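All remarks here apply to the structure that follows.
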Amino acid sequence: MSPPEPLESPTHFIRTRIRKEVESGQYEQVVTRFPPEPNGYLHIGHAKSIVLNFAMAAEFGGYTNLRFDDTNPAREEQRFIDAIKEDVSWLGYRWQNECHASDYFETLYEYALSLIDNGLAYVDEQDGDRIREQRGSLTEPGTNSPYRDRSAAESRELFERMRAGDLADGACVLRAKIDMAAPNINLRDPVIYRIRHQSHPRTGNDWCIYPSYDFAHGQSDAIEHITHSLCTLEFEDHRPLYDWLIEHLPVPSRPIQIEFARLNIDFTVLSKRRLTRLVEEGYVDGWDDPRMPTLAGLRRRGFTPQAIRNFCTEIGVTKSESVIPYGVLERNLRDDLNARAPRRMAVLRPLKVVLTNFPEGEIEWLEAANHPQDPEQGSRKVPISREIWIEHDDFMEQAPRKFFRLKPGGEVRLRNAFIIQCNEVIKDSAGNLVELHCSFDTESRSGQPGADRKVKGTIHWVSALHAVEAEVRLYDRLFRVPNPSANKEVDFVEHINPDSLETLADARLEPGLDQAVAGQLFQFERLGYFVPDPATSPEQPVFNRAVTLRDTWAKLEKALA
RNA sequence: AGGGACGUCGCCAAGUUGGUUAAGGCACGGGGUUUUGAUCCCCGCAUUCGCAGGUUCGAGUCCUGCCGUCCCUGCCA
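Here it is, written out as C-alpha cells:
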C-alpha cells in the first residue's frame, strides 16, 4: 500500500491566470522564485509559498530559483542560508539556480545611477526623523524634501561618495523621486539605498551601501527573468512601486507581481519576529523544537514532506485571509503516515500484568502484521512471556458502561496474542494499584479458531522480559489561545501553554525499537505516530510523538463526563 | 485626501463571458466492516452566496449604496 496520491491540485486564481497567459502565448515558460531573507528559519507559511512557486513553474514547463533576499546585512547570517537550503531540499524541491540579491549589487548600483541621471532619484541628506515627518500621514499628503530638486550631477556625486564609504551610516539616503502627495505612501519618494557600514555574509566589506527591499526585489526578478513574482498580500501596496521601477530601469525583462494571502494557523504564531523571540528567549529548545511550526521543528516532530505538501495544496491559494485549524495540519500527517508507517506496540504508562496460567520462564513468539491493510509490509515475531506491560489507561477498576477495555472480572483481547481475563487486582498497603493477575484463554491465540470469539476491546502490550525502556516526549500546542497575537496589549508569550511538552521517562517499547534511527516513522498501535528523536540511541532510546490517532473514545468519554 | 484588498455552510474553497438543482475537502451526525474505540465503506449536511436596493425572462456572478475585517506613515522584508 503506497501513500495516497497527492490530492489533485484544486484550481486557484493564480493558476487560472497563468494558464490563460500561457495559452495565449504570452510566455514560453513560467519562471518563479522563492525569495527568503536569511534571517531565520523557514516555517510552514513559507512552505505554502514554496509549494506554490515550484508547482506553478513545474506545471507550465519552467523552473524555480532559490533566491536569498540578502539586502540587510544587519540581520542576515550564513547559518540561516544553510538551514533554508536544507529545508527546501527536505521538502522535496530542487531549485534551478541558487541566487542572492547580493549577486546583483553592482548591477543594482548601476540601475540607481541611471535613475539619478534621469532625474528620477536624489540623495536626501535629512535624517530619518525628518524624512518621516515629511512623509505625511495616512490622510495627509507629504511634503517635498529640500534636497528633492537638487541636480542629478550633485546626487550622482553624493551617491558615489556613499558607495566609496565617505559618509557615515544615516548621513543620507538615495530616494526615488515619485510623488510626495501620492495616496499610496510607498510612492512618497521611497528610500531605495541606505548606508550601512556592516559586513555582509556574502559580499563581506565590499559594500557599505545596501539597496532596500523595494529596489532589490523586482530588479532581481527581472535580472533572473522571473515571469511571475508571487508574494503575500502585504506587498500589494508595493506593486505600483514595483512596476514603476521596472518601467523606469533598463532591466532585461518585465516580471509580474501577484499577491496571495499568507497562511495562518490557529494556536500558533507564524511570524519570523515572534519565532525568533521564542528561540532567543528560551521558550523553546531552538529552531527545531518539535513544538515550533518551523520546517525543522516539524521534521523533528515527525512530519513528512509529503504531509506538508498535501497540507499546502489542500488549503488552497486565495486573496482572502483565512485561519486554518491546527487539526488540519495534523490530519494530513495522519493520512500520510497511516498509509505507510509500520505498526509497533509500545506502552507509554506501564501497568504490570501477570499471566497466571502462562508457564514460568517460557517465551512464545507471536506473528504480528506490520500493517493491517498492507500485506506487502510483511510481519514480525513478537515475544510474550508471563509478565507483560499494558497501558495504565486500559484498566479501570470502576469502569463506565461504554468502557471496552480491562476491568475486574472482564475480558479483553491482547493485540496479536490472545484473550485475557482480569482475575485479581493487586494493591500495596497504601491502596495503590501494583499489578493485575490475569488468566489467558489458551484457545484464543491469533490464527486459531478460538480467536474468533468476540470481545469488546483489544489492547496493546509489551513483554516485560523483552521491553525496551525509553523516554517518550508528548507534545501539545505551544499556545493556549487560538490567536496568540490578537491582542496587541498582551505579549504573545503570555499565552504559551505550560504543558506543551510532557516527558514520559518510563515507556516500554516492543523489542527492536531501540535500533530505530531518526527519520523512521512508526505507528504505536492505538496511540499515534512516533518518531525517534535525533538524540535517540540504542542505550537511551528517545521517541517523539508526532500526532495521536483519532480518538473517538476520548471524545465520547468527555461527552459522558 | 487617504489608499489598497477581502467578505459563498462551523473551517477551508470551487464557482467559465449572468442561464435553469450553489463543486469538493475538513469538521460534524447516522449506519456498516474491523484482533488498533485507528483505517476503510455508505448516507446526511447552504431554497442560499455580508446587508439593502436596482438592471434582467433570469444574478453568487452586472450597477448603486451601506456594513464588517485585514494591510499601509522602517534608512525591515
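If you use the numbering used here, the first sequence corresponds to residues 514 to 1074, in order.
We put the beta carbon where it would ideally sit given N, CA and C, even for glycine.
It should be emphasised that the depicted structure is a prediction, and the values quoted were computed from it without experimental measurement.
Shown here, Y635 sits in a strand according to DSSP, grouped into three states. L987 sits in a strand when the DSSP states are folded into three classes. For Q1036, the enclosing beta strand (DSSP E) has its first and last residue at 1035-1037. Secondary structure of A1031 (DSSP, three-state): coil.
CA-to-CA, the gap between S602 and Q890 works out to about 28 Å.
V704 is the residue among V704, F1005, A882 whose C-alpha sits nearest the C-alpha of I722.
Restricting attention to beta strand (DSSP E) runs no shorter than 3 residues, the region 768-834 encloses them at 769-773, ordered along the chain. I557 and S942 have their C-alpha atoms roughly 53 Å apart. Distance from the CA atom of L919 to the CA atom of V925, rounded to whole angstroms, is 6 Å. DSSP places K533 inside the alpha helix (DSSP H), whose first and last residues are 526-536. R856 is the residue among K940, D1012, L1022, R856 whose C-alpha sits nearest the C-alpha of L1062. It is roughly 17 Å from the alpha-carbon of K533 to the alpha-carbon of T545.
Straight across, the Cα-Cα distance linking P921 with M909 is about 8 Å. DSSP links I1009 through a beta bridge to F992. Only exposed fits R530, as fewer than 16 other CB atoms lie within 10 angstroms of its CB. Assigned with DSSP and collapsed to three states, W902 falls in strand. Across the set R661, H713, V686, D595, the C-alpha of V686 shows the shortest separation from the C-alpha of D640.
In this structure, C612 places its C-beta atom within 8 Å of the C-beta atom of L579. With 16 or more other CB atoms across the displayed protein chains lying within 10 angstroms of its CB, A614 is buried. With fewer than three CB-CB distances shorter than 8 Å, the region 733-745 does not count as touching the region 703-719. Taking D1046 as the centre and dropping the five residues before and after it, the same chain places the C-beta of V1055, N1057 closer than 6 Å to its C-beta, in chain order. Relative to the Cα of T656, the nearest Cα in the group I691, A666, D630, L680 belongs to I691.
Beta-carbon to beta-carbon, V836 and I778 are separated by about 7 Å, close enough to satisfy the 8 Å threshold. T584 counts as buried, since no fewer than 16 other beta carbons sit within 10 angstroms of its beta carbon. Annotated three-state conformation of E924 is strand, per DSSP. Counted as a single uninterrupted DSSP element, the beta strand (DSSP E) harbouring A881 occupies residues 877-882. Below 8 Å, enough C-beta pairs join the region 627-634 and the region 657-677 to call them touching: three or more. Straight-line measurement puts the Cα of D600 at about 52 Å from the Cα of D954. Taking 8 Å as the cut-off, the Cβ atoms of L1040 and S1013 do not count as close. Taking all protein chains shown into account, G810 has 16 or more neighbouring C-beta atoms within 10 Å of its C-beta and is therefore buried. L879 and V895 do touch by the CB rule: their CB atoms are close to 5 Å apart, below 8 Å. In terms of Cβ geometry, A1031 and T1049 form a close pair [threshold 8 Å]. Segment contact: the region 779-796 against the region 836-851, three or more CB-CB distances shorter than 8 Å; contact assigned.
Rounded to the nearest angstrom, the gap between the Cα atoms of F748 and E772 is 7 Å.
DSSP places I739 outside both helix and strand once states are collapsed to three, so it counts as coil. In this structure, the straight-line span from the alpha carbon of A1029 to that of L1022 is close to 11 Å.
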